[in-house]
Amino acid sequence: MAAASAGLLLCMALNPLHAVAEGDNILQHAGVTSVLETKLSTEEYIQLGQQAQGAAWGYTNIGIANVESGNLNVRETPSTDGKMVGKMPKNSACEVLESADGWAYIKSGEVEGYVSTDYLLVGPDAVLRANEIVRTVVVVNGDGLNVREQPDTESAVLTQVPKGEEMDYVETLDGWIKVAIDADEAYVSADYVTVVERLDTAITMTELLYGQGVSDVRVELVEYAKQFVGNRYVWGGTSLTKGADCSGFVLSVFKKFGVSLPHHSGSQANYGTKISAGELQPGDLIFYGNSRGSINHVAIYIGGGQVVHASNERTGIKISNYKYRSPVKYVRILQD
Numbered sequence: 040m041a042a043a044s045a046g047l048l049l050c051m052a053l054n055p056l057h058a059v060a061e062g063d064n065i066l067q068h069a070g071v072t073s074v075l076e077t078k079l080s081t082e083e084y085i086q087l088g089q090q091a092q093g094a095a096w097g098y099t100n101i102g103i104a105n106v107e108s109g110n111l112n113v114r115e116t117p118s119t120d121g122k123m124v125g126k127m128p129k130n131s132a133c134e135v136l137e138s139a140d141g142w143a144y145i146k147s148g149e150v151e152g153y154v155s156t157d158y159l160l161v162g163p164d165a166v167l168r169a170n171e172i173v174r175t176v177v178v179v180n181g182d183g184l185n186v187r188e189q190p191d192t193e194s195a196v197l198t199q200v201p202k203g204e205e206m207d208y209v210e211t212l213d214g215w216i217k218v219a220i221d222a223d224e225a226y227v228s229a230d231y232v233t234v235v236e237r238l239d240t241a242i243t244m245t246e247l248l249y250g251q252g253v254s255d256v257r258v259e260l261v262e263y264a265k266q267f268v269g270n271r272y273v274w275g276g277t278s279l280t281k282g283a284d285c286s287g288f289v290l291s292v293f294k295k296f297g298v299s300l301p302h303h304s305g306s307q308a309n310y311g312t313k314i315s316a317g318e319l320q321p322g323d324l325i326f327y328g329n330s331r332g333s334i335n336h337v338a339i340y341i342g343g344g345q346v347v348h349a350s351n352e353r354t355g356i357k358i359s360n361y362k363y364r365s366p367v368k369y370v371r372i373l374q375d
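Numbering of the sequence shown is given in our numbering, commencing with residue 40 and proceeding in unit increments.
Okay, here's the thing in structure tokens:
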């Protein structure tokens, strides 16, 4: 029995797929269920534990960006002078393909390149951190999924979410999934979504680009705003480093460029000039609302079909597709 206890502890330590003891069996939940007899030898448990290392949310040799704030730069060559090819936000994950001389060659999402090993957790440390930060998300399987205020098909539609977008998971009900979408909690039919565990990955340079023919002030504003990706969401906050809500984030970014805005998304929507989606330029604002027609969220358009915004306490300041939920208004504050 001592060998079994040691094996159970080893498997739980090495396998981040939440091994659960049930009587004399261990059930591993990750889409595949394995039943392990507790009479295996210690050596066999060690072998199983080693095999489990390759099942860490799809990573064989997982690495986690270990930065205090901001992002870990991903470069084309193993040098601080190397061209930037992407950025890994704090606690994002990667596959470590090889390491040498203080640099690791990694793949994270769509980004491949070199990162400094000074700011990368690997091995058991990475697995332990991943267990702490993994998020459960709800992935939309069909276009135009209705997100409702209550778990009822007669309930008002808060917004619509396109195929492939993710929402934060809250809980499962009878035929419904409760989700967090920005600062709201709402419901989607369980028939049209998949619930999965996710670790954040690197941001591509395409996602960070703002396009050509854009004024210098717009370039400076979106670059300034993007440097706070990964920082905290705090309801009522206006601090770009210690925490801000959606309108507080926008307020503070624009304040840096001499523009004064109120701390309320609905009020911010009344500033500037209303524009169409086709007129969007980096630095313009996109507003989102609820089923009653009230605006309750704001984001900064950064080009390439992307926005940066303070979403909610689970995800903080992040980059999203600008149609991650249904926009209700587009506004130009910068008149250049």
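Just so you know, even glycine gets a beta-carbon here, dropped at the ideal spot from N, CA and C.
Unbroken stretches of the alpha helix (DSSP H), 4 residues or longer, contained in the stretch 184-271: Fully enclosed alpha helix (DSSP H) runs of 4 or longer: 244-247 and 255-265.
For Gly-328, the three-state DSSP class (helix, strand or coil): As a first step, residue 328 must be located in the sequence shown, where it is residue number 289. In the structure shown, Gly-328 adopts extended strand secondary structure according to DSSP, grouped into three states.
Rounded distance between the beta-carbons of Ala-308 and Lys-368, thought under 8 angstroms: Position 329 of the sequence shown, counted from the first residue, corresponds to residue 368. Position 269 of the sequence shown, counted from the first residue, corresponds to residue 308. Cβ-Cβ separation between Lys-368 and Ala-308: approximately 5 angstroms, consistent with a contact (criterion under 8 angstroms).
Closest by C-alpha distance to Asp-182, when choosing among Asp-284, Arg-331, Tyr-231 and Asp-213: In the sequence shown, counting from the first residue as 1, residue 182 sits at position 143. The shortest C-alpha separation from Asp-182 is found at Tyr-231.
Element boundaries [alpha helix (DSSP H), containing Pro-163]: On the sequence shown, position 124 is the one that residue 163 refers to. Segment 162-172, the alpha helix (DSSP H) holding Pro-163.
9 angstroms Cβ cutoff met for Val-150 and Val-113: Along the sequence shown, one-based indexing puts residue 150 at 111. Along the sequence shown, one-based indexing puts residue 113 at 74. Their beta carbons are under 9 angstroms apart, which means Val-150 touches Val-113 by this criterion.
CA-to-CA distance, Ile-334 to Ile-325, given in whole angstroms: Stepping through the sequence shown from its first residue, residue 325 is reached at position 286. Stepping through the sequence shown from its first residue, residue 334 is reached at position 295. Cα to Cα, the separation comes out at about 10 angstroms.
According to DSSP, residues forming a beta bridge with Asn-105: For this step, residue 105 is matched to residue 66 along the sequence shown. Looking at the DSSP assignment, Asn-105 forms no beta bridge with any residue, so it has no partner.
Helix, strand or coil at Leu-159 [DSSP, three-state]: As a first step, residue 159 is located in the sequence shown; it is residue number 120 there, counting from the start. Residue state, collapsed to three classes: strand.
Selection from Arg-237, Tyr-144, Asp-221 and Gly-328 that minimises the alpha carbon distance to Lys-357: Numbered from 1 along the sequence shown, position 318 holds the residue referred to as residue 357. In this structure, Asp-221 is the residue among Arg-237, Tyr-144, Asp-221 and Gly-328 with its C-alpha nearest to the C-alpha of Lys-357.
Coil, strand or helix - Ala-308 by DSSP: On the sequence shown, residue 308 is found 269 positions in, with the first residue counted as 1. Coil.
Nearest-angstrom Cβ-Cβ length linking Gln-199 and Val-209, presumed shorter than 8 angstroms: Position 160 of the sequence shown holds residue 199. Position 170 of the sequence shown holds residue 209. Actually they are not in contact, since the Cβ atoms of Gln-199 and Val-209 sit about 19 angstroms apart, beyond 8 angstroms.
Whole-number beta carbon distance between Ala-283 and Gly-148, since they are thought to touch under 8 angstroms: The residue you call residue 148 lines up with position 109 of the sequence shown. The residue you call residue 283 lines up with position 244 of the sequence shown. Incorrect: roughly 25 angstroms between the Cβ atoms, too far for contact.
Own chain residues within Cβ distance below 8 angstroms of Ala-169, not counting five before or after: Here residue 169 corresponds to residue number 130 of the sequence shown, with the count starting at 1. Contacts found: Pro-55, Ala-95, Trp-96, Ile-101, Ile-103, Ala-132 and Leu-238.
Beta-carbon gap between Leu-373 and Val-298 smaller than 9 angstroms: Residue numbering aside, residue 373 sits at position 334 when the sequence shown is read from its first letter. Residue numbering aside, residue 298 sits at position 259 when the sequence shown is read from its first letter. Their beta carbons are under 9 angstroms apart, which means Leu-373 touches Val-298 by this criterion.
Inter-stretch contact at 8 angstroms, needing at least 3 Cβ pairs: the stretch 189-197 / the stretch 135-143: The stretch 189-197 vs the stretch 135-143: no contact.
Enclosing beta strand (DSSP E) for Lys-357 [first to last residue]: The sequence position of residue 357 within the sequence shown is 318, counting from 1. Per DSSP, Lys-357 belongs to the beta strand (DSSP E) from 355-360.
Neighbour-count burial assignment, Glu-205, 16 or more Cβ in a 10 Å radius: Here residue 205 refers to the residue found at position 166 of the sequence shown. Label assigned to Glu-205: buried.
Test item: CB-CB of Ser-286 and Leu-300 under 9 angstroms: Sequence index remark: in the sequence shown, residue 286 carries index 247 (1-based). Sequence index remark: in the sequence shown, residue 300 carries index 261 (1-based). Cβ atoms of Ser-286 and Leu-300: closer than 9 angstroms.
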